Amino acid sequence: MPVNISVAAPAYNEADTIAAVVGEWQDYLENTPAVGDWEIVVCDDGSGDATGEILAGLRARCPRLVVVTFERNRGAGAAIAAAIAHTRLDWVVLLDSDGQFPIANLDRVLPRVQAGEALAFSGARIRKADGVAYRWGSAASGAVSNLLHRTRYRDFNSIFKVVHGPLFRSLPLESAGMNCSTEITARVAEMGHEWVEVPIEHRERGGGSRGWRYWRGARDRALFVAYLGYRHWLLRRGVLRRPAAREEISREGVR
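Below, the structure is given as structure tokens:
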């Protein structure tokens, strides 16, 4: 049975690539037999370039494109949370709008979704196309996150996620910056769900701006990983109540 898909993505100063990336998504969703109903939800995180204008033009040509707009920059985490909150279909695919995560990676995930294998899938990058410093930072934070959460995920920080919509929309996300993908992995695990990792391709960044300095980002990620670990410790001790979805999560009726 075809899978109904909402693509959710943040966008910040992506004027150089956003039209091509959204076009790539639309072409895939329209021409893949395993995809049923679909939509694309992009949150413009207060871009200072022409990203908003380009999205408005794309919206006129693609009625299934939903654009959420922040008047000021609020951070990638806030934009991701807003995009997810505005989705409506059965499965949500989280991507970035810089083109680093090809939507064609879904070819490896959709058969497993159709088989009812899990409610949460995460892309494990075969080869990370980021710079050395970013790769080291991601590897270090991923290793610490696995240690703190008693998991063994290969790519804890990957933003490429395919999650059952009711589950994804129920996550109590707090991250304001670039740590949202790490938080999503942790939150789903806290709710008692196992991630199924699928190997994916990862491309070099096509353009735009990361919007954060490396050392500041490294510091913030270290602090956030420590916070998530401390929270997980409190959950294990029963000091905090383990989160649950706002609606019953079941594989019955998944389309």
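FYI, our numbering numbers position 70 of the sequence shown as 71, with every residue one higher than the one before it.
Cβ coordinates follow ideal geometry from the N, Cα and C atoms, glycine included.
Source: prediction; values computed, not measured.
Secondary-structure assignment with DSSP links E198 through a beta bridge to S123. C63 carries a coil assignment under DSSP once its states are collapsed to helix, strand and coil. Contact between V226 and T183 is confirmed by a C-beta separation of about 7 Å, below the 8 Å threshold.
Taking every protein chain shown into account, the CB of M2 has fewer than 16 other CB atoms within 10 angstroms, so this residue is exposed. Taking 8 Å as the upper bound for CB-CB distance, S142 and L90 are not in contact here, some 31 Å apart. In the assembly as shown, V94 is a buried residue. Its beta-carbon has 16 or more other beta-carbons within 10 Å. Excluding the 5 residues flanking it on each side, I81 has same chain C-beta neighbours closer than 6 Å at P11, C181, in chain order.
Secondary structure at G37: strand, using DSSP grouped into helix, strand and coil. Three or more pairs of CB atoms, one per stretch, sit closer than 8 Å, so the stretch 116-130 contacts the stretch 187-205. Annotation for P200: A125, I127 place their beta carbon closer than 6 Å to its own, counting only its chain and skipping 5 residues before and after.
In chain order, V226 place their CB closer than 7 Å to the CB of V145, counting only its own chain and leaving out the 5 sequence neighbours on each side.
Per DSSP, the continuous beta strand (DSSP E) segment holding P11 begins and ends at 4-12. Take N158, set aside five residues on each side of it, and the residues of its chain with a beta-carbon closer than 7 Å to its own are S139, S142, G143, S182, T183, in chain order.
Excluding sequence positions up to five before and after V164, its CB lies within less than 6 Å of the CB of V93, A121, all in the same chain and listed in chain order. Taking 8 Å as the cut-off, the Cβ atoms of A9 and T88 count as close.
CA-to-CA, the gap between F161 and P173 works out to about 19 Å. Within its own chain, no residue has a Cβ closer than 7 Å to the Cβ of R151 once the five positions on either side in sequence are excluded.
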